[in-house]
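Numbering (the working numbering), first residue to last: 10 to 631. Ideal Cβ positions, reconstructed from N, Cα and C, are used throughout, including at glycine. Predicted, not measured: the structure shown is a model, and the values here were computed from it. A quick write-up on the structure given underneath.
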């Protein structure tokens, strides 16, 4: 075993060969030690990473938060033995951690890389996401930071079957992201056998070029070709660059090279031991590549106090429009706020931001996966992205949202046109699953305001909230219920009316129906408490529980959402440990598949309008 305590030179081919061998050896050893992992997927890309980290990746490993650092994203996150071997070669992960921590409980060297490691920007492993995230970082670099750092994304050839990859290349070309380089490890084999195109690099090249990218084709095991391609990629000429590298899966271990039988399998000791020796044995060489460029000190713009729009009680305003006005106000006050939309900004309300602050707006067109991927990348650079589209279409992007939580991303998402309330457009446009979807995201905040005032306040709070937050807005106009000085803390609720017979809980559009129902019940001698549960997660369970106790356990929950996973289940979960005697609940929700009609007709069909709430309350009272 050889060891160096000082950086090895990287100006000759021998040094690169030695580094590539070290990366291969450590990839084999780590996965064999763990008893699991993807060594063959790591071996194919070892030469690519040896050249990149030693000659082209401008990075200060001791200062991962340096704003001038390049960014390295392993979109093929299953090749984690390789990235952890790179971190070891950079002097950041030790021998013991690599050999006893990889894939073990409690270790930061998880099966797929996450930002538990300071050199990892985003969690990967769900294929097709690293390049879309990289687009977001590249947008920040070119248009917001205006700094010369480059984004290098290692992709696998299997993930090129994911539509999100092509959304990313399309948007990278549209925004002329010449600071983005995708390195595709074309090793021909996927999990169960050959990939769709195998080693047909010409076919891959035609596809990437059709989307507007520069393409460079190389032998992925020829160090000189790789070096020349990466140097060429640094002159992007207004386009993203794709390096297509023809590689061999399992390269360096002849008996498993180009075999379809070794994906995701560690090498047994009888193969691993001789392979390590044949590759030159264990090394602990530390490599220093080119550091980041020196940047001049520039003054940072500071956030100022937000001046939110004000509304008169009774004024009719759709919450989607109030969202746009509030987002613009927050953007004017905070230079870190950016907005993205999926070609519906004239409907979501984001159009106001586009007009006022076009330099901080990014149009993702109808590409919802890229919408969230770009927002994730922008958050890596410390920006506060607000991503907006119709709530129904966020289902396309849910895997990106889920991975955003693992990435510890700060994402602010707004879904408009929710529920049957939207009316004649019909069920394809009606978000009836979004609350369940967003509540299920670990650490998420889910908000559903009922009027313009609460919407404005909650948008400002989202800007100051870490993690993933979601705001559900409605299409139709509804009267303002609250004065402009009212406060809406996350985790709170509002008691709009107090009574002693039944508690009615709503959110968004059903708050207005609940108030109308309470007025009618009062005319029948039945006094109801009405609660606006604008914070669906975290829920103000204490206030709801207190009201339900005061009304003898009688509770009506009305929501413009399917019965599963929405407001009703949030309320019942919150009451589960409250010990309320005689709890009697009517859960009104959208059951079945709606059709077209007016908003009023559909609310009535679903039984969540004032008529349905009155009937449910009377049933509980008997």
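Rounded separation between residue i and residue j - CA only
i: residue 615; j: residue 597; result: 8 Å
i: residue 140; j: residue 486; result: 39 Å
i: residue 80; j: residue 158; result: 7 Å
i: residue 15; j: residue 99; result: Any reading at residue 15 must be qualified, since the residue scores a pLDDT of 35, below 50, and its modelled position is unreliable; the value itself is stated next. Cα to Cα, residue 15 sits roughly 11 Å from residue 99.
i: residue 138; j: residue 95; result: 21 Å
i: residue 19; j: residue 70; result: Its pLDDT being 42, under 50, residue 19 is placed unreliably by the model, and the measurement read from it follows with that caveat. Straight-line Cα distance between these residues: approximately 16 Å.
i: residue 395; j: residue 554; result: 33 Å
i: residue 397; j: residue 365; result: 17 Å
i: residue 207; j: residue 87; result: 19 Å
i: residue 344; j: residue 313; result: 9 Å
i: residue 213; j: residue 269; result: 21 Å
i: residue 609; j: residue 429; result: 9 Å
i: residue 32; j: residue 104; result: 13 Å
i: residue 12; j: residue 405; result: With a pLDDT of only 34 at residue 12, under 50, the local geometry of the prediction cannot be trusted, and the value read off the model is given with reservation. Distance between the alpha carbons of residue 12 and residue 405 is about 49 Å.
i: residue 64; j: residue 37; result: 24 Å
i: residue 427; j: residue 617; result: 14 Å
i: residue 572; j: residue 361; result: 34 Å
i: residue 484; j: residue 304; result: 47 Å
i: residue 349; j: residue 316; result: 22 Å
i: residue 181; j: residue 599; result: 40 Å
i: residue 418; j: residue 126; result: 14 Å
i: residue 524; j: residue 387; result: 41 Å
i: residue 580; j: residue 215; result: 53 Å
i: residue 169; j: residue 175; result: 8 Å
Proximity below 8 Å, CB of residue i to CB of residue j
i: residue 420; j: residue 384; result: yes
i: residue 515; j: residue 522; result: yes
i: residue 285; j: residue 252; result: no
i: residue 275; j: residue 46; result: yes
i: residue 272; j: residue 23; result: no
i: residue 628; j: residue 595; result: yes
i: residue 540; j: residue 502; result: yes
i: residue 288; j: residue 60; result: no
i: residue 67; j: residue 302; result: yes
i: residue 149; j: residue 392; result: yes
i: residue 351; j: residue 402; result: yes
Start-to-end residues for the alpha helix (DSSP H) that takes in residue i
i: residue 159; result: Careful: residue 159 lies outside any alpha helix (DSSP H) and carries neither H nor E.
i: residue 239; result: 232–242
i: residue 628; result: 619–630
i: residue 471; result: 461–472
i: residue 428; result: Looking at the DSSP string, residue 428 is not in any alpha helix (DSSP H), and its letter there is neither H nor E.
i: residue 92; result: 89–98
i: residue 382; result: 377–389
i: residue 172; result: 172–183
i: residue 4; result: Because the chain is modelled from 10 through 631, residue 4 falls outside the range shown and cannot be assessed.
Outcome for residue i when other beta-carbon atoms lying within 10 angstroms are tallied against a minimum of 16
i: residue 310; result: exposed
i: residue 375; result: exposed
i: residue 292; result: buried
i: residue 90; result: buried
i: residue 605; result: exposed
i: residue 188; result: buried
i: residue 582; result: exposed
i: residue 307; result: exposed
i: residue 443; result: buried
i: residue 602; result: exposed
i: residue 114; result: exposed
i: residue 201; result: exposed
i: residue 290; result: exposed
Supposed contact pair residue j and residue i - C-beta distance, whole angstroms, cut 8 Å
i: residue 626; j: residue 526; result: 7 Å
i: residue 322; j: residue 489; result: 5 Å
i: residue 133; j: residue 82; result: 7 Å
i: residue 346; j: residue 472; result: 6 Å
i: residue 437; j: residue 479; result: Wrong, their Cβ atoms sit about 21 Å apart, outside the cutoff.
i: residue 29; j: residue 112; result: With a Cβ gap of about 23 Å, residue 29 and residue 112 do not count as contacting.
i: residue 459; j: residue 520; result: 4 Å
i: residue 58; j: residue 93; result: The Cβ separation is near 11 Å, so there is no contact.
i: residue 131; j: residue 416; result: 4 Å
i: residue 7; j: residue 363; result: Beyond the ends of the chain as shown, which are 10 and 631, falls residue 7; an answer cannot be given.
i: residue 195; j: residue 161; result: Going by Cβ atoms, the distance from residue 195 to residue 161 rounds to 17 Å, so no, they are not a contact pair.
i: residue 468; j: residue 414; result: No, residue 468 and residue 414 are not in contact; Cβ-Cβ is about 21 Å, not under 8 Å.
i: residue 537; j: residue 506; result: 7 Å
Terminal residues of the beta strand (DSSP E) in which residue i lies
i: residue 293; result: 292–296
i: residue 255; result: 250–255
i: residue 539; result: 537–541
i: residue 135; result: Premise fails: residue 135 is in no beta strand (DSSP E) and is neither H nor E.
i: residue 546; result: 544–546
i: residue 217; result: Premise fails: residue 217 lies in the alpha helix (DSSP H), 210–219, not in any beta strand (DSSP E).
Any C-beta of chain B under 8 Å from that of residue i
i: residue 114; result: No chain B appears in the structure shown, which is made up of a single protein chain.
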